[in-house]
Amino acid sequence: MSLKGPSPQHHEGSALRIAIVHARWNETIIEPLVAGAKEKLLACGVKESNIVVQSCPGSWELPIAVQRLFSASQIQNTATGGPSATDLLASSTTDLTSLPGSSASSAGAFDAIIAVGVLIKGETMHFEYIAESTCQGLMRVQLDTGVPVILGVLTVLNDEQAKARAGVEGKGHNHGEDWGLAAVEMGVKRKE
Ligand SMILES: O=c1[nH]c(NC[C@H](O)[C@H](O)[C@H](O)CO)c([N+](=O)[O-])c(=O)[nH]1
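All you need for the working numbering is the position in the sequence shown, starting with 1, plus 9.
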């Protein structure tokens, strides 16, 4: 067993509804990661009809793409102690629920969300800024909503590292599988 991977546990996912939100940059890596996560969801009993897959342009958009799955009333920005989204809605003169992406979607029914992106270091500092902001943003969404958001964002220094973490060309291990298992575990625990 790898020194690094999570120690395996089995959790039964037949009652879970899971969303996978993935970026479209570096799609030759994204695709196997998403497939690996979905394979493990199904292996744990999650119904195919309860797995929703959506995409966004890049990893920078992942936090807002995940957050827009929730209605404003499901987002409590308790992290800052500020007014909840409900308070803001009540005081707002604008009907925020009419804004695109703020519809009271059925996202509240999601038991966990997997956010998948592949960031590959280039010649500039762009990588660092996106990586930090995306990770902080996804952490904030999960704490604001109470719905586990599994961090499926690879932050690698070159293509070879990305391939090894997606199990591409028979190399390494597909981390998407770990993210699928984590989503089932956290989704089950959220319902306990
Ligand atoms: O998902 C990624 N987005 C990337 N950039 C796009 C970014 O996520 C946004 O989509 C874009 O800046 C528009 O907001 C990447 N690089 O720039 O290298 C990358 O490697 N991976």
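Where a beta carbon is used, it is the ideal one built from N, C-alpha and C, also for glycine.
heavy atom of ligand 1 below 7 angstroms from residue i C-beta
i, result
"T141", "Looking at the sequence provided, one finds Glu at residue 141 rather than Thr. Not under cutoff, so the answer is no."
"F79", "no"
"F119", "no"
"H204", "Residue 204 cannot be examined here, being either before or after the span of the chain that is shown, 10 to 201."
"V177", "no"
"I129", "yes"
"N35", "yes"
"R66", "Looking at the sequence itself, residue 66 is Pro, so the reference to Arg does not match. Yes; taking the cut-off as 7 angstroms, the Cβ of P66 has a heavy atom of ligand 1 nearer than that."
"A171", "no"
"A74", "no"
"A32", "yes"
Closest residue to residue i among the options (Cα-Cα distance)
i, options, result
"S16", "L78, L190 and C53", "L190"
"T9", "Y138, G176, H182 and A118", "The requested residue 9 is not part of the displayed model; the chain covers only 10 to 201."
"L152", "A121, W188 and S68", "A121"
"I159", "Q145, A171 and L166", "Q145"
"I129", "I123, F119 and A140", "A140"
"A52", "K200, E201, E186 and K198", "E186"
"W188", "A24, S23, E201 and V30", "V30"
"A46", "T143, G161 and G67", "G161"
Bounding residues of the alpha helix (DSSP H) (the contiguous stretch that carries residue i)
i, result
"L190", "H184 to K200"
"H135", "H135 to T154"
"L51", "E36 to A52"
"H73", "Per the sequence shown, the amino acid found at residue 73 is Ile instead of His. Where I73 is concerned, the enclosing alpha helix (DSSP H) stretches over L71 to Q76."
"Q170", "D168 to A175"
Integer-rounded CB distance, given that residue j should sit under 8 angstroms from residue i
i, j, result
"V127", "N35", "4 angstroms"
"G176", "P41", "6 angstroms"
"L25", "V156", "Rounded, the Cβ-Cβ distance is 12 angstroms, inconsistent with contact."
First and last residue of the uninterrupted beta strand (DSSP E) at residue i
i, result
"I129", "A121 to I129"
"S64", "I60 to C65"
"L160", "V158 to V165"
"V30", "I27 to A32"
Check: residue i C-beta below 7 angstroms from any heavy atom of ligand 2
i, result
"W69", "Because ligand 2 does not appear in the structure shown, any question about it cannot be addressed here, the ligands present being ligand 1."
- Query: Between the region 70 to 80 and the region 191 to 199, do at least 3 Cβ pairs fall closer than 8 angstroms?
  - Reply: no
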